[in-house]
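In this text, residue positions in the sequence shown follow the numbering used here: the first is 357, and each later residue adds one. A short worksheet on the structure shown next.
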Amino acid sequence: MVQDAINSDDGTYDQIWVVFDLDHQAAKGAAQHEVFDNTIAKAQAAGIRVAYSVDAFELWFCLHYSFVNSRQERSYYYEQLSRHWAINYEREGKKAKFCLGIRELLEKDPVASEQEAIKRAKRLFEMHKSEPPHRQNPVTTVFQLVEELLQAKS
Numbered sequence: 357m358v359q360d361a362i363n364s365d366d367g368t369y370d371q372i373w374v375v376f377d378l379d380h381q382a383a384k385g386a387a388q389h390e391v392f393d394n395t396i397a398k399a400q401a402a403g404i405r406v407a408y409s410v411d412a413f414e415l416w417f418c419l420h421y422s423f424v425n426s427r428q429e430r431s432y433y434y435e436q437l438s439r440h441w442a443i444n445y446e447r448e449g450k451k452a453k454f455c456l457g458i459r460e461l462l463e464k465d466p467v468a469s470e471q472e473a474i475k476r477a478k479r480l481f482e483m484h485k486s487e488p489p490h491r492q493n494p495v496t497t498v499f500q501l502v503e504e505l506l507q508a509k510s
């Protein structure tokens, strides 16, 4: 993914972003952590911006509702989103049709707050930024991308 972004950087865009998360898999051991950290470093060295999450991208959605500051399994995030959105997130939340409506869903939900999600994500990042990316759990840097998009929109 990062190599594709690097290869496609022909100077047309002000910024190129890659977005991904770390899927902890015990069987892969430390090798997956090295790949994750090296991927981030490679992208940044090439001027590609990175929005990463440890351990799940869904942390970003959950931060719209509350501060999560302890390590959680993906199932925790899925349960929280299922409760907030009255769906079975694990079954329905990954479908393209549903994904296309998540932003609108969050915007219309009076309990959700993008500004609070940004503040909470920044707080998590500040708590963990001195650690290698794979050890920053929980963390999401999606807030950086969202801030860039909001700035471009205004």
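C-beta atoms are modelled at their ideal positions from N, C-alpha and C, and glycine is treated no differently. Everything numeric in this text was worked out from a predicted model, so none of it was measured.
Residue i and residue j: beta carbons closer than 8 Å?
i, j, result
"ALA407", "TRP373", "yes"
"GLY449", "LEU462", "no"
"ILE474", "GLU504", "no"
"ALA452", "TYR433", "no"
By the DSSP assignment, the alpha helix (DSSP H) with residue i in it spans what residues?
i, result
"SER431", "430–441"
"PHE454", "452–456"
"ILE474", "470–484"
"VAL391", "386–401"
"LEU415", "414–418"
"GLU446", "445–448"
Leaving aside the five residues before and after residue i along the sequence, list all residues of the same chain whose C-beta is less than 6 Å from its C-beta, in chain order.
i, result
"PHE423", "ARG476"
"GLN492", "VAL410 and HIS484"
Tell me, please, which residues DSSP counts as bridged to residue i.
i, result
"SER409", "ASP377 and THR496"
Between which residues of its own chain and residue i is the CB-CB distance below 7 Å, once the five residues before and five after are set aside?
i, result
"ILE396", "VAL406, TYR408 and PRO489"
"TRP441", "LEU461"
"GLN388", "GLN381"
Distance cutoff 8 Å, beta carbons only. Does residue i sit that close to anything in chain B?
i, result
"GLU503", "Going by chain labels, chain B is absent from the structure shown, which holds only one protein chain."
Counting pairs of beta carbons, one from the segment 462–476 and one from the segment 413–422, are three or more of them closer than 8 Å? Yes, they touch.
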